[in-house]
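Residue numbers (our numbering), protein chains in the order written: chain A, 1 to 331; chain B, 1001 to 1331; chain C, 2001 to 2331; chain D, 3001 to 3331.
Idealized CB from N, CA, C, for every residue including glycine.
Here the structure is a predicted model, which is why all the values come from computation and not from measurement.
4 protein chains.
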Amino acid sequence: MQFLSDNAAPVHPAVWSAMLAADASDSPYDRDALSRELDGAFTSLFGQECSALWVATGTAANCLALAAMVPPHGGVVCHREAHIEADEGGAPGFYMHGAKLMLADGPSAKLTPDSISAVIDPIRDDVHQVQPHAVSITQASEYGCVYKPGELATISTLAREKGLRLHMDGARFANAVAHLGCPPAEACRGVDALTFGFVKNGGLGAEAVVFFEPGLVDVVRYRRKRAGHLQSKGRFLAAQILAMLEADLWLENGRAANAAASEIARAAGDRLLHPVEANEVFLTTSPQERAALREQGFSFYDWGDNAARLVTAWNTEADHVARLVNAIRAL
Amino acid sequence: MQFLSDNAAPVHPAVWSAMLAADASDSPYDRDALSRELDGAFTSLFGQECSALWVATGTAANCLALAAMVPPHGGVVCHREAHIEADEGGAPGFYMHGAKLMLADGPSAKLTPDSISAVIDPIRDDVHQVQPHAVSITQASEYGCVYKPGELATISTLAREKGLRLHMDGARFANAVAHLGCPPAEACRGVDALTFGFVKNGGLGAEAVVFFEPGLVDVVRYRRKRAGHLQSKGRFLAAQILAMLEADLWLENGRAANAAASEIARAAGDRLLHPVEANEVFLTTSPQERAALREQGFSFYDWGDNAARLVTAWNTEADHVARLVNAIRAL
Amino acid sequence: MQFLSDNAAPVHPAVWSAMLAADASDSPYDRDALSRELDGAFTSLFGQECSALWVATGTAANCLALAAMVPPHGGVVCHREAHIEADEGGAPGFYMHGAKLMLADGPSAKLTPDSISAVIDPIRDDVHQVQPHAVSITQASEYGCVYKPGELATISTLAREKGLRLHMDGARFANAVAHLGCPPAEACRGVDALTFGFVKNGGLGAEAVVFFEPGLVDVVRYRRKRAGHLQSKGRFLAAQILAMLEADLWLENGRAANAAASEIARAAGDRLLHPVEANEVFLTTSPQERAALREQGFSFYDWGDNAARLVTAWNTEADHVARLVNAIRAL
Amino acid sequence: MQFLSDNAAPVHPAVWSAMLAADASDSPYDRDALSRELDGAFTSLFGQECSALWVATGTAANCLALAAMVPPHGGVVCHREAHIEADEGGAPGFYMHGAKLMLADGPSAKLTPDSISAVIDPIRDDVHQVQPHAVSITQASEYGCVYKPGELATISTLAREKGLRLHMDGARFANAVAHLGCPPAEACRGVDALTFGFVKNGGLGAEAVVFFEPGLVDVVRYRRKRAGHLQSKGRFLAAQILAMLEADLWLENGRAANAAASEIARAAGDRLLHPVEANEVFLTTSPQERAALREQGFSFYDWGDNAARLVTAWNTEADHVARLVNAIRAL
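1. Scan the segment 3071–3082 of chain D for residues whose Cβ lies nearer than 9 Å to a Cβ of chain A and list them as they occur along the chain.
2. Return the bridge partner residues of glycine 47 of chain A from the DSSP annotation.
3. Who are the near neighbours of phenylalanine 3042 of chain D in its chain, counting only those whose CB is closer than 6 Å to its CB and skipping five residues on each side?
4. Ordered along the chain, which non-local residues of its own chain (more than five positions away) have a Cβ less than 8 Å from that of proline 1132 of chain B?
5. Go ahead and label glycine 269 of chain A buried or exposed: buried means 16 or more other beta carbons lie within 10 angstroms of its beta carbon, across all protein chains shown.
6. Grouping DSSP H, G and I as helix and E and B as strand, with all else coil, what is glutamate 3280 of chain D?
7. What does valine 1311 of chain B pair with, by DSSP beta-bridge criteria?
8. Does the distance between the C-beta of valine 199 of chain A and the nearest non-hydrogen atom of the ligand SAM fall short of 8 Å?
9. Listing by chain order, which chain D residues have their CB less than 8 Å from the CB of glycine 89 of chain A?
10. What's the call for proline 1072 of chain B, buried or exposed, on a 16-neighbour Cβ count within 10 Å?
11. Using a 10 Å radius around the Cβ and a threshold of 16 neighbouring Cβ atoms, would you call alanine 2243 of chain C buried or exposed?
12. From which residue to which residue does the alpha helix (DSSP H) around arginine 290 of chain A run?
13. Could you please give the first and the last residue of the uninterrupted alpha helix (DSSP H) stretch that includes histidine 1320 of chain B?
14. If you scan the segment 1224–1284 of chain B from start to end, which runs of the alpha helix (DSSP H) of 4 or more residues do you find wholly inside it?
15. Could you check what DSSP says for alanine 3176 of chain D in three-state terms: helix, strand or coil?
16. If you reduce the DSSP assignment to three classes, tell me which class glutamate 85 of chain A lands in.
17. So valine 2343 of chain C and histidine 2229 of chain C are in contact, right, with Cβ under 8 Å, and what is the actual spacing, rounded?
18. If we cut at 9 Å on Cβ distances, does glycine 1098 of chain B have a partner in chain D?
19. Bridge partners of glutamine 2131 of chain C, per DSSP?
20. Anything in the segment 3227–3256 of chain D with a Cβ closer than 9 Å to a Cβ of chain G? List those residues in chain order, please.
21. Whose CA, out of A/Met96, A/Ala99, A/Asp87, A/Ile137, lies closest to the CA of aspartate 3125 of chain D?
22. Are the CB atoms of serine 136 of chain A and alanine 82 of chain A within a distance shorter than 9 Å?
23. What three-state label does DSSP hand tyrosine 301 of chain A in the structure shown?
24. Report the three-state DSSP secondary structure of threonine 1059 of chain B (helix, strand or coil).
25. Under 9 Å between beta-carbons, which chain D residues line up against alanine 86 of chain A? List them in chain order, please.
26. Within 10 Å of its beta-carbon, does glutamate 3280 of chain D have 16 or more other beta-carbons around it, so buried, or fewer, so exposed?
27. Just the C-alpha distance for alanine 178 of chain A and threonine 1284 of chain B, rounded to the nearest angstrom, thanks.
28. Run through the DSSP bridge pairs and tell me what glycine 3213 of chain D is partnered with.
29. Just curious, the beta strand (DSSP E) that threonine 3157 of chain D is in, first and last residue?
30. Which residues bound the alpha helix (DSSP H) around aspartate 1114 of chain B?
31. Of all the residues that make up the segment 3195–3222 of chain D, which are near chain C by a beta-carbon distance shorter than 9 Å?
32. Name the DSSP bridge partner or partners of isoleucine 2137 of chain C?
33. Mapping the DSSP letters down to three states, classify alanine 2022 of chain C as helix, strand or coil.
34. Is the beta carbon of arginine 2271 of chain C sitting closer than 9 Å to the one on valine 2325 of chain C?
35. Sorted by chain position, which residues of the same chain lie with C-beta nearer than 6 Å to glycine 1098 of chain B's C-beta, five sequence neighbours on each side aside?
36. Pull up the DSSP beta-bridge partners for methionine 1096 of chain B, would you.
So, in structure tokens, the structure goes:
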């Protein structure tokens, strides 16, 4: 029973159908009919003018967005445990040509205005120190915690005051919106560019970078090609994204994953390391307890020595969840 | 009737089947069972120990390979009309961190030992001039022409003598092997790394970088992740490649595309700008003649003012070829 | 008798005096009194508002200027024989993070509007091809030839029309102005940034980058530090430059070097490969003739198999020139 | 009375003499007689085969050395307060093409085996995380503290065991050796490359990068040119370094600066934030106390809200020290 990673989940049938339907020959790269629908689809979803590009991975999406915001001699404030810092193999340094990640703290891997200020305020405004040009936040965070609209507002206000761009890594944006129960625009208000993730949520290999700030997208078109991310049969990436947006499948899938995680969370009680607001459960457990769970057929990652990370996905089976709930209660 | 690009062709049914069959949950990234089969599959195909990594695009494949061969302060000799120089949006400069493409000449976009020497011999061996570290050749070339084993041997001998690595862009490697009728290893003998293309030949979004020189692959594993090209559902890329290798589907598809091009070539006679050895036909034509062809429903690119580029694919219909042959004859 | 390189010449006594006079302790980096005089000194020299930064080498000066004009995914048109292409060890690729040099032709290493257009006009305006963002010209050129104000005007007009920035490598700007006999501003009219060379002309290790386009200098302040070119005792670089500007010493030195070259040129007659407009003489000569000159004590570089390059400097002795003139006549 | 920075100190008379003596024309770049003496001079100083290159700044020296040790996808462990992290304007990211600085702790800005292990041990050996390739330590540290030979040995042993290169930023290497009273080789035993600083210690604009590990220097020769740091009149940089090495002037100057700092330290008593082992004194002081010192004519930097940084130099006058000692005692 798979609680290892939403990355490992299968592709949603509607995504397969859309890909198969896109098979007929069309113009290569992003000049096909489907790719040309993306701007409209996201504009309609967010209720505001925006542009969107497909790309195969979240790492590429994040880094292309950041590289459009930050010059090589600049820096980006992000959480010490952000994916761009901890799990992207140095991709930000590559895409931004050596620009610096400036590591901030904050509970459950979320930044706060104070934790951002603690990083940027001591920076002397001279050429000897790298100057911040952007802030990157993750919705939901690495620990599955969600920025509420009010929290977002304080961060985007600070960013604007300090002349910093704001990027959101939304690898689990669907789970965040499902948790908040608000219009998607509320979950990313004030953001200049959003990495909107689909792969963890039923897609095969397509994420969107959505630009609310005009001007950024034009640079990224060139940079996407330059990074080898302009696939020649791009219609298959556009098809995945459009299928996920259709009838809010992305949201439905996010809700399903969240619901499974919530059920597990209820069983976990005091064992929870972080509030469960998305599809990740961090569970205080001894090595013996984790061994016991694994013996019963549950697969998951250790999180340090004293915890387990369990991730649900759009397709997590109710029966697996029920069995896990029982197993946790029995620990 | 589509003669615009093999990039625009549909995905082969066997590739679809393999992808669908790979849908069951497996480990993310390249730790799944299929990705782990790649080394063996290519070792068996080439009859020599090699390692292989999947990647979504030919641009990424070429540039990852080159970046493992060439330090940032070095250079790569390639043809003035090579894809890496003319059509990859500066990706080599990005991946190689500013290393230089050194442009050489040669008939039909093929390098020769003489044309390589013409570039590298005048370079002074001092720190004021960028030193060459590798040669990159394209099999088949941008003009659809194929390096014969003997031609390859003279180039790889020169490269070895000069201490240069040898890279082959095999976006149309299948068409080259189909033309040569030799074992695949003969079509890339002496090469350190080969970009083995599948997307133009029936794939969806997966190419292989094959390393014959041990040591290169380990660096590229890190660089692939760093470039945002390590897809989390990598099993779907491995599945495409394995399906193409199965029962030599890649070769069968290459032969089909070549056969269609040959038929067109026979009709073209003196109009041919280059020998037709793969799946591209460059046809001297006036603007009026091209307009006439387009009126009859043929789509293709202009090649400068006085020629058309017509590309066939694995699925080019016999009927379309027959009609094109007639139309060309009638010009 | 030294005709090898103006790089090898000694430092002018006035430069030494100024450096010694700057020895008293002052603020480090560029916060000292002398460094703060540079903007004013160049504004006064050029009769227009400009900013200037010191840097130790022409390579750094050229590349810092270009990197402020060209994004990593862009390109710079320059002459095939420009110093940035042929003799800076790939520094432009480093400083511009992989941006591309686009090589153009032109007589005596000078660009023309036509030769620039021949490079940029065929570039498709799509993401597959690197787009030009700037033009770099060299005043005087690698072959010691000078752009006249009218020639400059046609190039700067073209650049403006095409939205390209204009950079001038003025490693031998003094020799160019001395030749033209015009106000310095006329010799670089329309240029956004000028590398104003002093080292070849009596300096020790200080060049200026002069920015006529506001906005560029602020980025370069950060980039200079980031490149390790912000020397902590910067006052000694500023002192050199100010000493050279004082009473137009730079121009006097340029005239002296030019005069020596002109005298040699008159002796050379039909042997000249290029018009002698600055301080370089390219002389058609057989290997035997060059051996004969060397036996008489003249040092210089071979220029290919059939020519010699002779360079004069601010301190070239009249007696050495006279002897060389005789030796050439006697060949 | 100047206690602001050793960067602001004048040039030692012996350095001036050597520069003036080098004025005669010689080969450009580093092919002059003096530059060719460097390898021998350092080999003799350290009693072991090594190679040395001049470069104008410590930032360039550090970053050229690191870039020869660390691939773009790798990382360097350094102290959170190291100069390369805090005061070089992002130069390491530029020179290393995006490689990562991995920040470690340790008392008085010195690393320890434990603090290094705390950074590298948690790094998973997979492509998702940047892998460490080198360690960089500073001798003396940012807080003027010195690694003893035994401390060095534990660090170099750890580095060797983990396959990491070891770099030493020796901007104040002279002060460290003066403090240790050991042969210079003991103060950098186990290091692969040493930045040997001269500018803070009586030089004008020349530092040396000394390579104990063969192979590194050859890459750096190219990289130095590529970074615009190969000055054309390099003989003046070599002359400075040779003058400093002559009769151990570097050590004499280091001792003088240290002695001045020690005297101040004795007066400071409990106010010292760090042991005074080199030429920097960090003094707990209230804003009022600092104002009082400034009123008496002492210039220095604030170090946060509650401390002052006072730096002595080779030329700090005994009278100034005496007055400062009295002023501190009178606080």
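Well, looking at it:
1. Pro3072, His3073, Gly3074, Gly3075
2. Answer by DSSP bridge pairing: none, since glycine 47 of chain A is not bridged.
3. Cys3050, Ala3052, Val3210
4. Gly1074, Gly1075, Val1076, Val1077, Met1102, Val1119, Ile1120, Ile1123, Lys1162, Leu1164
5. exposed
6. strand
7. B/Glu1280
8. Absent from the structure shown: the ligand SAM. Ligands present: none.
9. His3073, Val3127, His3128, Gln3129, Val3130
10. buried
11. buried
12. 287–295
13. 1318–1329
14. 1235–1245, 1249–1268
15. helix
16. helix
17. For residue 2343 of chain C there is no data in the structure shown, the boundaries of chain C being 2001 and 2331.
18. yes
19. C/Gly2074
20. The structure shown contains no chain G; its protein chains are A, B, C and D.
21. A/Asp87
22. yes
23. strand
24. helix
25. His3128, Gln3129
26. buried
27. 59 Å
28. Just to set this straight, residue 3213 of chain D is glutamate in the shown sequence, not glycine. Paired residue(s): none; glutamate 3213 of chain D is not in a bridge.
29. No beta strand (DSSP E) contains threonine 3157 of chain D, which is instead part of the alpha helix (DSSP H) from 3149–3162.
30. 1113–1120
31. Val3199, Lys3200, Gly3203, Leu3204, Gly3205, Tyr3222
32. C/Met2168
33. coil
34. no
35. Pro1072
36. Partner(s): none; methionine 1096 of chain B has no beta bridge.
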